[in-house]
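See below for the structure under consideration.
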Amino acid sequence: MGRPGGGRCLGCKEQDAVIDLARHRTRYCGECFVDHIRTQVRVAIDAYGMLRYDDEILVAVSGGKDSLALWDILLDMGYNASGLYLGLGIGAYSSRSERIVRDYAERRGVRLHVEDLAEEYGFDIPDSVKHPRRSDKKKKNGVGRAACGTCGLSKRYVFNKTALRHGYDVMATGHNLDDEAAQLFGNVLRWQTEFMARQSPMLPASEGGLARKVKPLYRLTEREMAAYCVIRGLDYVVEECPLVEGNTVMRYKDALNELERAAPGTKAHFLFGFLDRVRDEHFDQDEHFGTSLVPCDDCGLPTPAHQPGQTPVCAFCRTRGRLLQLVDRPARSDASDDEHPERTPEQTAEQTTEQDVTA
1 MGRPGGGRCL GCKEQDAVID LARHRTRYCG ECFVDHIRTQ VRVAIDAYGM LRYDDEILVA
61 VSGGKDSLAL WDILLDMGYN ASGLYLGLGI GAYSSRSERI VRDYAERRGV RLHVEDLAEE
121 YGFDIPDSVK HPRRSDKKKK NGVGRAACGT CGLSKRYVFN KTALRHGYDV MATGHNLDDE
181 AAQLFGNVLR WQTEFMARQS PMLPASEGGL ARKVKPLYRL TEREMAAYCV IRGLDYVVEE
241 CPLVEGNTVM RYKDALNELE RAAPGTKAHF LFGFLDRVRD EHFDQDEHFG TSLVPCDDCG
301 LPTPAHQPGQ TPVCAFCRTR GRLLQLVDRP ARSDASDDEH PERTPEQTAE QTTEQDVTA
C-alpha cells in the first residue's frame, strides 16, 4: 500500500498515511481511505441513478476482493444487498472461494444464495476445458478462452435466473476500473462497436423481467479494492483462477498498467472520457438496447429473438447441451419451486446463510 515514511494523511492531516493514490495526487490513512472508497461508490451510484434504498439488490460474489468489497460497501451504506455464489467446480480454488463467501455472509448476518454448476446443470468449468469447441481448439490459448467464455456465460445466466426467480430489482457486480478499461481497450482494438455501445456502468432492465445491472466500483482500481479489503480485514481469495491462462483481458490489463505507471490516471481518463464524451454521442442506444427478447425454448429465460424459422435457444442452453453430450455426469432434472420453499423469517434468523437451489 503506502510507502514507508509516506507522510501524514492528506485527508485528516493527523494520522500517518498508509496508501498513496498517484492519480488523485493524495495519500490517506486507513479511515480516510475507506471514506474515499465510499465516496467514489456514492458518486458512481448517483451519476447513473444505479440504486435506491428500497431496492432489493443481488450481488454476484466470487470470493475475490472486488465482489466482497462491493457487498461490504453496499451493506455499510445501508442498502438491502443479498449475495449469490456460483460453484464452478475448479477444485480447491472453488472450495476456498465458497468458504470465504459463506463465512462473510454468516458474520454479517445476510442472505446468501449458493448455486453449484455441476449439481444443477450437469457440467462445470473444467469440463469446458476438457471439451472445448472446435473453433477454440484452433486458436492460440484456445483452452483458456474456452474456460473464461463458459465461466462468464454461466455466471450471467445463473445471475439472471436467480434475480428473476427471487424478484430482485438490481443485479450488482464488482467490475472495477481496471476491468472496464481493459474491456474498452479490447473493444476499441477490434472496433467492436456493438459491445462499445453496450459498455456502461448501468444496463437498464429489459423486457422479460430481467433486472437492471450495475457496476458501482467502476471508478475504483484493483489496487484500491485490495487495499480496502486489507484495511477492513476482509478475507478474500488472493490467487488468480488457475484456468485464467490465455485470457486476452489479462494482456490488455498489463498494457494499460504500463501506461498507468508512466502517466497516473491514464485508465481513468480513457474510460471516463469514453463514457462522458463518446458513448452517448456516437452510438445509438435504442439500436443496441432495443433487441427483442423471447423465451428460450429450453429453459424459458429471455433470449434475443432468432431468425424466423429458428428455434430460440439461449447461448447457455446451447453450451450446456453440447457439454452434456460429452461429459459423464448426471444432471439434476428440473425441479419445481415447491421442492425448494423459501425460508421463513424465523428460519432465516436461525441460519443467516441459505442455499437456494434453482433448476
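In full-length UniProt numbering, the protein residues as written are 1 to 359. Idealized CB from N, CA, C, for every residue including glycine. Note that the structure is a prediction, hence the values are computed from the model and not measured.
Exercise. Decide yes or no for the touch test of the stretch 176-185 against the stretch 263-276: beta carbon pairs closer than 8 Å, at least 3 of them.
Key: yes
Quiz item: Taking buried to mean at least 16 other C-beta atoms within 10 Å of its own C-beta, is residue 65 buried or exposed?
Solution: Position 65 of the sequence shown, counting from 1, holds the residue named residue 65. Answer is buried; the Cβ neighbour count reaches 16.
Practice problem: To the nearest angstrom, report how far apart residue 140 and residue 246 are at their CA atoms. | Solution: Walking along the sequence shown from the start, residue 140 turns up at place 140. Walking along the sequence shown from the start, residue 246 turns up at place 246. Legend: pLDDT at residue 140 = 47, less than 50; position of this residue unreliable, no value from coordinates given.
Quiz item: Straight-line CA distance for residue 360 to residue 68?
Solution: Any question about residue 360 goes unanswered here, given that the chain covers just 1 to 359.
Quiz prompt | Simplified DSSP state of residue 126, which is helix, strand or coil | solution = Translated into the one-based positions of the sequence shown, residue 126 becomes position 126. Correct three-state label for residue 126: helix.
Practice problem: Pick helix, strand or coil for residue 306, following the three-state DSSP scheme. | Solution: Locating residue 306 in the sequence shown gives position 306, where the first residue counts as 1. Residue state, collapsed to three classes: coil.
Quiz item: Taking the alpha-carbon positions, what's the residue 31 to residue 7 distance?
Solution: The residue you call residue 31 lines up with position 31 of the sequence shown. The residue you call residue 7 lines up with position 7 of the sequence shown. If I take the Cα positions, the gap works out to 15 Å.
Practice problem: Leaving aside the five residues before and after residue 236 along the sequence, list all residues of the same chain whose C-beta is less than 7 Å from its C-beta, in chain order. | Solution: Taking the first residue of the sequence shown as 1, we reach residue 236 at position 236. Once the five neighbours on either side are set aside, the close Cβ partners of residue 236 are 63, 64, 65, 68, 100, 229.
Quiz item: How big is the Cα-Cα spacing for residue 208 and residue 59?
Solution: For the purposes of this step, residue 208 is taken as residue 208 along the sequence shown, with counting starting at 1. For the purposes of this step, residue 59 is taken as residue 59 along the sequence shown, with counting starting at 1. Spanning the two alpha carbons is a distance of roughly 20 Å.
Practice problem: Kindly indicate which residue of 19, 96, 94, 301 has the alpha-carbon position closest to the one of residue 224. | Solution: Translated into the one-based positions of the sequence shown, residue 224 becomes position 224. Its Cα nearest to that of residue 224, the residue 19 stands out among 19, 96, 94, 301.
Quiz item: What is the rounded straight-line gap between the Cα of residue 80 and the Cα of residue 71?
Solution: For the purposes of this step, residue 80 is identified with residue 80 of the sequence shown, where counting begins at 1. For the purposes of this step, residue 71 is identified with residue 71 of the sequence shown, where counting begins at 1. Roughly 10 Å between the two C-alpha positions.
Practice problem: Please name the residue in 255, 240, 108 whose C-alpha comes closest to that of residue 234. | Solution: If you number the sequence shown from 1, residue 234 lands on position 234. Cα-wise, what sits closest to residue 234 is 108.
Quiz item: So, residue 366 versus residue 10, is the Cβ gap smaller than 7 Å?
Solution: For residue 366 there is no data in the structure shown, the boundaries of the chain being 1 and 359.
Self-check item: Inter-residue spacing [alpha-carbon to alpha-carbon] between residue 292 and residue 304
Solution: As a first step, residue 292 must be located in the sequence shown, where it is residue number 292. As a first step, residue 304 must be located in the sequence shown, where it is residue number 304. Taking the straight line joining both Cα atoms gives about 6 Å.
Practice problem: Please state if the CB of residue 323 and the CB of residue 159 are separated by a distance shorter than 7 Å. | Solution: Against the sequence shown, residue 159 aligns to sequence position 159. Against the sequence shown, residue 323 aligns to sequence position 323. Contact: no.
Practice problem: Output the boundary residues of the beta strand (DSSP E) element that contains residue 172. | Solution: Reading the sequence shown from its first residue, position 172 is the one you call residue 172. That run of the beta strand (DSSP E) goes 170-172.
Exercise. Using alpha carbons as the reference points, say which of 118, 282, 328, 232 lies closest to residue 37.
Key: To locate residue 37, count along the sequence shown from 1; it is residue 37. If we check each option's Cα against that of residue 37, 232 comes out closest.
Self-check item: Identity of the residue in 280, 315, 281 nearest residue 297 by Cα
Solution: As a working note, residue 297 is residue 297 in the sequence shown. It is 315.
Self-check item: contact_flag[the stretch 165-177, the stretch 201-218] where n(CB pairs < 8 Å) is 3 or more
Solution: yes
Exercise. Could you name each continuous beta strand (DSSP E) segment of 3 residues or more that falls completely within the stretch 61-107, going from the start of the chain to the end?
Key: Uninterrupted beta strand (DSSP E) stretches at least 3 residues long and entirely within the stretch 61-107 occur at 80-87, given in chain order.
Quiz item: Per DSSP, what kind of secondary structure is residue 267 in: helix, strand or coil?
Solution: On the sequence shown, position 267 is the one that residue 267 refers to. The three-state secondary structure of residue 267, taken from DSSP, is helix.
Exercise. Starting from the C-beta of residue 74, find all residues in its chain whose C-beta is less than 6 Å away, skip the five residues before and the five after it, and write them out in chain order.
Key: Within the sequence shown, residue 74 is the residue found at index 74, counting from 1. Hits under 6 Å: 81.
Quiz item: Are residue 22 and residue 201 closer than 7 Å when you measure CB to CB?
Solution: One-based indexing of the sequence shown puts residue 22 at position 22. One-based indexing of the sequence shown puts residue 201 at position 201. The answer is no: Cβ separation not under 7 Å.
Quiz item: What does residue 113 pair with, by DSSP beta-bridge criteria?
Solution: As a working note, residue 113 is residue 113 in the sequence shown. Looking at the DSSP assignment, residue 113 forms a beta bridge with 84.
Self-check item: Limits of the unbroken alpha helix (DSSP H) element including residue 324
Solution: In the sequence shown, residue 324 corresponds to position 324, counting from 1. Looking at the DSSP string, the run of the alpha helix (DSSP H) that includes residue 324 is 315-324.
Quiz item: Considering residue 213, what are the terminal residues of the alpha helix (DSSP H) in which it resides?
Solution: Mapped onto the sequence shown, residue 213 falls at position 213. Looking at the DSSP string, residue 213 is not in any alpha helix (DSSP H); the run it does join, the beta strand (DSSP E), is 212-214.
Quiz item: Hey, how far is the Cα of residue 206 from the Cα of residue 94?
Solution: On the sequence shown, position 206 is the one that residue 206 refers to. On the sequence shown, position 94 is the one that residue 94 refers to. Cα to Cα, residue 206 sits roughly 31 Å from residue 94.
Quiz prompt | Residue ranges of each alpha helix (DSSP H) within the stretch 12-67, 4 or longer | solution = 30-48
Quiz item: If you draw a straight line from the C-alpha of residue 53 to the C-alpha of residue 161, how long is it?
Solution: Reading the sequence shown from its first residue, position 53 is the one you call residue 53. Reading the sequence shown from its first residue, position 161 is the one you call residue 161. Approximately 23 Å between the Cα atoms of the pair.
Quiz item: Rounded to whole angstroms, how far is the Cβ of residue 83 from the Cβ of residue 110, which I believe are closer than 8 Å?
Solution: Looking up residue 83 in the sequence shown gives position 83. Looking up residue 110 in the sequence shown gives position 110. Going by Cβ atoms, the distance from residue 83 to residue 110 rounds to 7 Å, so yes, they are a contact pair.
Practice problem: Buried or exposed for residue 40, please, with buried defined as at least 16 other CB atoms from any protein chain shown within 10 angstroms of its CB. | Solution: Here residue 40 corresponds to residue number 40 of the sequence shown, with the count starting at 1. Buried, because 16 or more other Cβ atoms sit within 10 Å of the Cβ of residue 40.
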